[in-house]
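Protein chains in written order, with our numbering: chain W, 4 to 117; chain P, 24 to 132. Cβ atoms here follow ideal geometry from the backbone N, Cα and C, with glycine treated the same way. Every value quoted in this text rests on a predicted model; they were computed, and no experiment measured them. One structure is given below, encoded as structure tokens.
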Amino acid sequence: GAGVSQSPRYKVAKRGQDVALRCDPISGHVSLFWYQQALGQGPEFLTYFQNEAQLDKSGLPSDRFFAERPEGSVSTLKIQRTQQEDSAVYLCASSFRRNSYEQYFGPGTRLTVT
Amino acid sequence: EDQVTQSPEALRLQEGESSSLNCSYTVSGLRGLFWYRQDPGKGPEFLFTLYSAGEEKEKERLKATLTKKESFLHITAPKPEDSATYLCAVPYNTDKLIFGTGTRLQVFP
Numbered sequence: 004g005a006g007v008s009q010s011p012r013y014k015v016a017k018r019g020q021d022v023a024l025r026c027d028p029i030s031g032h033v034s035l036f037w038y039q040q041a042l043g044q045g046p047e048f049l050t051y052f053q054n055e056a057q058l059d060k061s062g063l064p065s066d067r068f069f070a071e072r073p074e075g076s077v078s079t080l081k082i083q084r085t086q087q088e089d090s091a092v093y094l095c096a097s098s099f100r101r102n103s104y105e106q107y108f109g110p111g112t113r114l115t116v117t
Numbered sequence: 024e025d026q027v028t029q030s031p032e033a034l035r036l037q038e039g040e041s042s043s044l045n046c047s048y049t050v051s052g053l054r055g056l057f058w059y060r061q062d063p064g065k066g067p068e069f070l071f072t073l074y075s076a077g078e079e080k081e082k083e084r085l086k087a088t089l090t091k092k093e094s095f096l097h098i099t100a101p102k103p104e105d106s107a108t109y110l111c112a113v114p115y116n117t118d119k120l121i122f123g124t125g126t127r128l129q130v131f132p
């Protein structure tokens, strides 16, 4: 299918390691979002791109979190010096155009920091 | 501050036993309300968008309704395959969604 894909699906990192999570949005989708979902909670917004421009990064919990989308397609969420509280599922979503609000989600990457 | 609250947190139903899930919101200038279904280990799957009070949308055994302060997801004669977590969300500022914590639905045969 042509849905949103994310890799890896599972990542185990030792505390202090850096990790990179990849998102491939649906082809042609302008907007891309990253969310963090803790166990038993709803997704929480991290950051938003329109094409290659990062328009909102207000949800990033600390300066250890960094996201990029250099060519307006694939996006990478990087977490430096991981901490145990970073353990969560990281979800990527894309939408066809700005203000469409109908976001289509990938399967997520489950990050476990030991 | 804009908020989305869902109830109940968990719901156990017998197959065929109809019920409703609630999503209440406090947001100025509502630009839509979204319902998603999430299965374990998967990302949320889009179900419905509602834009104005009085609007209703249906899909198989699910019907979503919207008032000025809340939305309901009615499940008619549910089947075990309807078991999932149901999330509602509203858009805020730059298109990001604010989600509720979800209702975990279990339907037993």
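Give the DSSP-derived three-state secondary structure of residue i in the structure shown.
{"i": "Glu-78/P", "result": "coil"}
{"i": "Gln-9/W", "result": "strand"}
{"i": "Pro-114/P", "result": "strand"}
{"i": "Glu-74/W", "result": "coil"}
{"i": "Gln-40/W", "result": "strand"}
{"i": "Gln-87/W", "result": "helix"}
{"i": "Asp-105/P", "result": "helix"}
{"i": "Asn-45/P", "result": "strand"}
{"i": "Thr-117/W", "result": "coil"}
{"i": "Leu-63/W", "result": "coil"}
{"i": "Thr-99/P", "result": "coil"}
{"i": "Tyr-107/W", "result": "strand"}
{"i": "Val-33/W", "result": "coil"}
{"i": "Phe-99/W", "result": "coil"}
{"i": "Gln-129/P", "result": "strand"}
{"i": "Val-50/P", "result": "coil"}
{"i": "Asp-21/W", "result": "coil"}
{"i": "Thr-88/P", "result": "strand"}
{"i": "Glu-47/W", "result": "strand"}
Consider the Cβ of residue i: report whether some Cβ of chain W lies at a distance smaller than 8 Å.
{"i": "Pro-67/P", "result": "yes"}
{"i": "Leu-44/P", "result": "no"}
{"i": "Thr-72/P", "result": "yes"}
{"i": "Leu-89/P", "result": "no"}
Please list, in chain order, the chain P residues whose beta carbon lies closer than 8 Å to that of residue i.
{"i": "Leu-80/W", "result": "Near Leu-80/W there are no residues of chain P at all, since even the closest Cβ is about 15 Å away, more than 8 Å."}
{"i": "Asp-27/W", "result": "What Asp-27/W touches in chain P: nothing, since even the nearest Cβ is about 13 Å away."}
Residues of chain P with CB closer than 7 Å to the CB of residue i, please, in chain order.
{"i": "Gly-109/W", "result": "Gly-66"}
{"i": "Ser-34/W", "result": "Asp-118"}
{"i": "Leu-24/W", "result": "Residues of chain P passing the Cβ test: none, with the nearest at roughly 13 Å."}
Cβ closer than 8 Å: which chain W residues qualify as neighbours of residue i?
{"i": "Gly-55/P", "result": "Tyr-104"}
{"i": "Thr-124/P", "result": "Gly-43, Gln-44, Gly-45"}
Would you mind working out which of the options sits nearest residue i, comparing C-alpha positions?
{"i": "Tyr-109/P", "options": "Lys-119/P, Ser-94/P, Gln-61/P", "result": "Gln-61/P"}
{"i": "Lys-14/W", "options": "Ala-5/W, Val-7/W, Arg-25/W, Tyr-38/W", "result": "Arg-25/W"}
{"i": "Ala-107/P", "options": "Tyr-48/P, Ser-47/P, Pro-63/P", "result": "Pro-63/P"}
{"i": "Arg-84/P", "options": "Ser-94/P, Glu-93/P, Leu-70/P", "result": "Leu-70/P"}
{"i": "Val-116/W", "options": "Glu-105/W, Arg-100/W, Ile-82/W", "result": "Ile-82/W"}
{"i": "Lys-80/P", "options": "Phe-95/P, Gly-66/P, Asp-118/P", "result": "Phe-95/P"}
{"i": "Leu-89/P", "options": "Gly-55/P, Val-130/P, Ser-51/P", "result": "Gly-55/P"}
{"i": "Asn-54/W", "options": "Arg-12/W, Phe-48/W, Val-22/W, Gly-75/W", "result": "Gly-75/W"}
{"i": "Ala-96/W", "options": "Gln-44/W, Val-77/W, Gly-43/W, Lys-17/W", "result": "Val-77/W"}
{"i": "Tyr-59/P", "options": "Pro-132/P, Ile-121/P, Phe-131/P", "result": "Ile-121/P"}
{"i": "Thr-99/P", "options": "Glu-93/P, Ala-112/P, Ala-87/P, Ala-33/P", "result": "Ala-87/P"}
{"i": "His-79/W", "options": "Gln-86/W, Gln-87/W, Ala-70/W, Thr-85/W", "result": "The sequence shown places Thr at residue 79/W, not His. That would be Ala-70/W, whose Cα lies nearest to the Cα of Thr-79/W."}
{"i": "Gln-106/W", "options": "Lys-91/P, Pro-67/P, Leu-128/P", "result": "Pro-67/P"}
Along chain W, in chain order, which residues have C-beta atoms closer than 7 Å to that of residue i?
{"i": "Pro-114/P", "result": "Tyr-104"}
{"i": "Leu-110/P", "result": "Gly-45"}
Let me see if you follow: with CB-CB separation under 8 Å, is residue i close to chain P or not?
{"i": "Phe-48/W", "result": "yes"}
{"i": "Leu-114/W", "result": "no"}
{"i": "Asp-59/W", "result": "yes"}
{"i": "Leu-94/W", "result": "yes"}
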